[in-house]
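K.L.:
2 protein chains.
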Amino acid sequence: MKNLIIASTSTLHNGSYLEYLLSELTIHFENTNEIIFIPFARPSGISHDEYTNKVREAFSKINKTVKGLHEFENPIEAIKNAKGIFTGGGNTFLLVSELYRTKVIDTLEQKLKTGTPYLGTSAGSNICGLTMGTTNDMPIVYPPSFRTLGMVPFNINPHYLDPDNNSTHMGETRETRINEFHKFNPQPVIGLREGSWLDVKGDKITLKGNLTARWFVAGKDPIELEPETNIFEIL
Amino acid sequence: MKNLIIASTSTLHNGSYLEYLLSELTIHFENTNEIIFIPFARPSGISHDEYTNKVREAFSKINKTVKGLHEFENPIEAIKNAKGIFTGGGNTFLLVSELYRTKVIDTLEQKLKTGTPYLGTSAGSNICGLTMGTTNDMPIVYPPSFRTLGMVPFNINPHYLDPDNNSTHMGETRETRINEFHKFNPQPVIGLREGSWLDVKGDKITLKGNLTARWFVAGKDPIELEPETNIFEIL
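Residue numbers (UniProt numbering), protein chains in the order written: chain S, 1 to 235; chain L, 1 to 235.
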C-alpha cells in the first residue's frame, strides 16, 4: 500500500526548510529513525554533500538521521533496504537523468509500491507523476526518458502559479503551458500551489494544506479542487 | 555569410504580431517576396494552418507572401529552395522534435550557413543556439536530442525576465536556472529581454533594440550588454 507525501515545495515564504511539514513528517516517518535522502536534483547546483547536510539539519528537529544516497557504495541496495525516503527539489531533468544513470529508478518504483514512506518536494514530487512532462525546470541535461515513477495516475505541476493579470511579459502562463501539454498527452495534471501536498495512502489521494489545487483534464475547463478532496474519486 | 534576426519575442505588450520588427524585416527580406514559415512550435497548440495564417497576415503588411512548411510535400526540398525563412515561437520541445522527425534540421542548418535570410522569434530563436537547454518551455514532448542549429556559439534564453524582488513565490528565478545550466554546460548564455534581438551578419553578432541584454559565462558574474555590442568580440 503506497504511503507518500507529494508536496509542491520544501519551503514556504518566510519559513525555514521543510518547517511547515515537520509535524506531518513526524507521523509519516514514525516507524523509522533513518531517512535515505536522494540529493540528485541539486538546487542551484550545490553538491550532494551540501544538500544532504541541509536536509539533515531539518530532519534533526524531529530526531531523524539522514543519509545521502550518494554516500552508499550500492545505491540500488540502499533503496531496497530503506525504511523512509525523501527526494528533494532542484532540477527535474538532472534528477531524472541521475535516477536513470544510477539505475535506481525501477527499484525506487517497486519500493514505493510496497509502502515505504516517501516524501517528495518540488522535483521530488514531479517524479511521482506518470512523466516529468509538466515540470517548470530548465532542460539543463538530457535525460534518457521523461517517464517517471507513476505513483499517481496523472502528472504533477509543483509551484503552481496563477496568471498575473498585471504582467506585461509575453511569455506563456502556467495554464497555457499545461493546455499545450494536453494537446499531446492524455493524462490529467494537478497544479499544486505552494503550501499544498498530496497524501497518498494506497489508492486514496487526498489534497492537503489550506489551498485549493487546479485540476486540468484534456479537453475540459480546469477546475479548483478543495482541500480534503480524494482525487482518486474524480479520476 | 549568415544573415539572421534572432528575436526574443514576436509580440510586444500592446503591440500586434511582429509589429515592432516590420521595418527591420522589410530590409532583412528585401531580396525575396516569399517567406517559408516553419509553424511546428504551435503556440497554445493551434494548428499549422491557423498559425501560418496569422503569420501571413503580418507579412502581408510588407508585401510578402507566406507558405507554411507543412504545405509542402517535400519539406527538405522546400527548405533547400527557400529564399527567406521564419520560425515562429510556441513550444521549443515540440519544434525541435518536429525538426528532427521531418529530418529538416540538418538541411536548415546548412541552408542558413549559406546566407538565406532567417527570422526566429522565441522558440524559433532558441534553436539558433548550440542547444535548446536554456528554453523556458514545458517538456510536453520528448525530442531525440537537445542539439539545435548552432548559428551562434552560445545559447539563447528568450523572454528573459529579471528577478521580481517583491515575489513570495519560491520557484527558481531565471538567473538561478541559467546558473544551474552552467554547472553542466560550458557555453555562454544570452538572456534577451522582450524587444531585443540579435542581428547576425556573418561573424558579426549585434545586439539590437533599446534594452541591454544579460550575458552569462560559466563561473563568472553575469554582465549587461549595451545595444550595438558586437557579441563576437566578447566571446
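Think of the CB as a built atom: it goes at the ideal place given N, C-alpha and C, for glycine as much as any other residue.
Note that the structure is a prediction, hence the values are computed from the model and not measured.
Within 8 Å of any Cβ in chain L, is that where the Cβ of S:THR135 sits?
P.N.:
With 8 Å as the cut-off, S:THR135 counts as an interface residue toward chain L.
K.L.:
On the criterion of 16 or more Cβ atoms from any shown chain inside 10 Å, does S:ILE38 qualify as buried, or is it exposed?
P.N.:
Classification of S:ILE38: buried, given that the 10 Å Cβ count is 16 or more.
K.L.:
For a test of the three-state rule: what should DSSP assign to S:ALA41, helix, strand or coil?
P.N.:
It is coil, neither helix nor strand.
K.L.:
Using only the alpha-carbon positions, how far apart do L:ALA213 and L:SER196 sit?
P.N.:
Their Cα atoms are separated by approximately 8 Å.
K.L.:
Just the C-alpha distance for L:ASN31 and L:LEU25, rounded to the nearest angstrom, thanks.
P.N.:
Those two C-alpha atoms are separated by around 11 Å.
K.L.:
Would you say S:ARG177 faces chain L, with C-beta separation under 8 Å as the test?
P.N.:
Interface residue, yes.
K.L.:
Could you give the residue range of the beta strand (DSSP E) that holds S:ARG214?
P.N.:
From DSSP, the beta strand (DSSP E) with S:ARG214 extends over 213-216.
K.L.:
Can you give me the Cβ contacts of L:ARG193 inside the same chain, cut-off strictly under 7 Å, excluding the 5 residues immediately before and after it?
P.N.:
Once the five neighbours on either side are set aside, the close Cβ partners of L:ARG193 are SER8, TYR160, LEU211 and ALA213.
K.L.:
Quick one: is L:ASN81 buried, meaning 16 or more other Cβ sit within 10 Å of its Cβ, or exposed?
P.N.:
Counting Cβ neighbours within 10 Å, L:ASN81 comes out exposed, since fewer than 16 surround it.
K.L.:
Could you list the residues in the stretch 174-202 of chain L with a C-beta less than 9 Å from some C-beta on chain S, going in chain order?
P.N.:
So the list reads ARG174, THR176, ARG177, ILE178, ASN179, GLU180, PHE181, HIS182, LYS183, PHE184, ASN185 and GLU194, given in the order they occur along the chain.
K.L.:
Hey, S:ILE140 and L:GLY133: beta-carbon distance below 8 Å or not?
P.N.:
Yes, Cβ-Cβ distance for S:ILE140 and L:GLY133 is below 8 Å.
K.L.:
Return no unless some Cβ of chain S is closer than 8 Å to the Cβ of L:ALA141.
P.N.:
According to the sequence shown, residue 141 of chain L is Val rather than Ala. Yes, its Cβ sits closer than 8 Å to a Cβ of chain S.
K.L.:
Which stretch, first to last residue, makes up the beta strand (DSSP E) that contains S:ILE190?
P.N.:
Start and end: 189-191.
K.L.:
Which residue comes first and which comes last in the alpha helix (DSSP H) that contains S:GLU224?
P.N.:
First-last for S:GLU224: 223-225, but that is the beta strand (DSSP E), not the alpha helix (DSSP H).
K.L.:
In angstroms, rounded to a whole number, what distance separates the CA positions of S:HIS70 and L:VAL200?
P.N.:
Cα to Cα, S:HIS70 sits roughly 45 Å from L:VAL200.
K.L.:
Cβ closer than 9 Å: which chain L residues qualify as neighbours of S:LEU161?
P.N.:
Within 9 Å Cβ-Cβ: HIS169 and GLY171.
K.L.:
Given this structure, state the Cα-to-Cα distance separating L:ALA123 from L:THR131, to the nearest angstrom.
P.N.:
Their backbone Cα atoms lie some 12 Å apart in a straight line.
K.L.:
Over what stretch of residues does the alpha helix (DSSP H) that includes S:VAL96 continue unbroken?
P.N.:
Run containing S:VAL96: 92-101, per the alpha helix (DSSP H) assignment.
K.L.:
For S:SER16, does the count of other Cβ atoms within 10 angstroms reach 16, so buried, or fall short, so exposed?
P.N.:
Per the 10 Å Cβ criterion, exposed.
K.L.:
Nearest CA to the CA of S:GLN110: which residue from S:LEU207, S:MET1, S:LYS220 and S:PRO227?
P.N.:
Nearest C-alpha to S:GLN110: S:MET1.
K.L.:
What residue range does the alpha helix (DSSP H) around S:ASP106 cover?
P.N.:
Run containing S:ASP106: 104-113, per the alpha helix (DSSP H) assignment.
K.L.:
Check the Cβ of L:ASN91 against every Cβ in chain S and list those closer than 7 Å, keeping chain order.
P.N.:
Correct list: GLU180.
K.L.:
Using the beta-carbon count (16 or more within 10 Å), is S:GLY89 buried or exposed?
P.N.:
Its Cβ being crowded by 16 or more others within 10 Å, S:GLY89 is buried.
K.L.:
Taking C-beta to C-beta, are L:ILE190 and L:ILE156 nearer than 8 Å?
P.N.:
Yes, Cβ-Cβ distance for L:ILE190 and L:ILE156 is below 8 Å.
K.L.:
Find the nearest neighbour of S:LEU22 within the set S:PHE59, S:ILE36, S:ALA218 and S:THR148, judged by alpha-carbon distance.
P.N.:
When each option's Cα is compared against that of S:LEU22, the closest is S:PHE59.
K.L.:
Would you identify the three-state DSSP class for S:ALA82, choosing helix, strand or coil?
P.N.:
Three-state result, S:ALA82: coil.
K.L.:
Could you tell me the distance, in whole angstroms, from the CA atom of S:GLU50 to the CA atom of L:VAL104?
P.N.:
Roughly 44 Å between the two C-alpha positions.
K.L.:
Measuring straight from C-alpha to C-alpha, what distance separates L:LEU225 and L:MET170?
P.N.:
Cα to Cα, the separation comes out at about 28 Å.
K.L.:
Can you name the start and end residues of the beta strand (DSSP E) that L:LEU198 belongs to?
P.N.:
It spans 197-201 - the beta strand (DSSP E) in which L:LEU198 sits, taken as one unbroken run.
K.L.:
L:PHE232: which of L:THR206, L:LYS113, L:TYR100 and L:LEU108 sits nearest, CA to CA?
P.N.:
Per the Cα distances, L:THR206.
K.L.:
Please check if any C-beta of chain L sits within less than 8 Å of the C-beta of S:GLY209.
P.N.:
Chain L, which has no Cβ nearer than 8 Å to the Cβ of S:GLY209, makes this no.
K.L.:
Of the residues that make up the stretch 42-73 of chain L, which ones have a beta carbon closer than 7 Å to any beta carbon in chain S?
P.N.:
From the stretch 42-73 of chain L, only SER44 and GLY45 have a Cβ closer than 7 Å to chain S.
K.L.:
Any beta carbon from chain L within less than 8 Å of S:PHE146's own beta carbon?
P.N.:
Yes, because at least one Cβ of chain L sits closer than 8 Å to the Cβ of S:PHE146.
K.L.:
Using the C-alpha atoms, what's the distance from S:ALA78 back to S:GLY68?
P.N.:
Taking the straight line from one Cα to the other gives about 10 Å.
K.L.:
Name the DSSP beta bridge partners of L:ILE5, please?
P.N.:
According to DSSP, which records beta bridges pairwise, L:ILE5 is partnered with L:LEU119 and L:ASP199.
K.L.:
Can the beta-carbon of S:ILE127 be found closer than 8 Å to that of S:VAL96?
P.N.:
Taking 8 Å as the Cβ cut-off, S:ILE127 and S:VAL96 qualify as a contacting pair.
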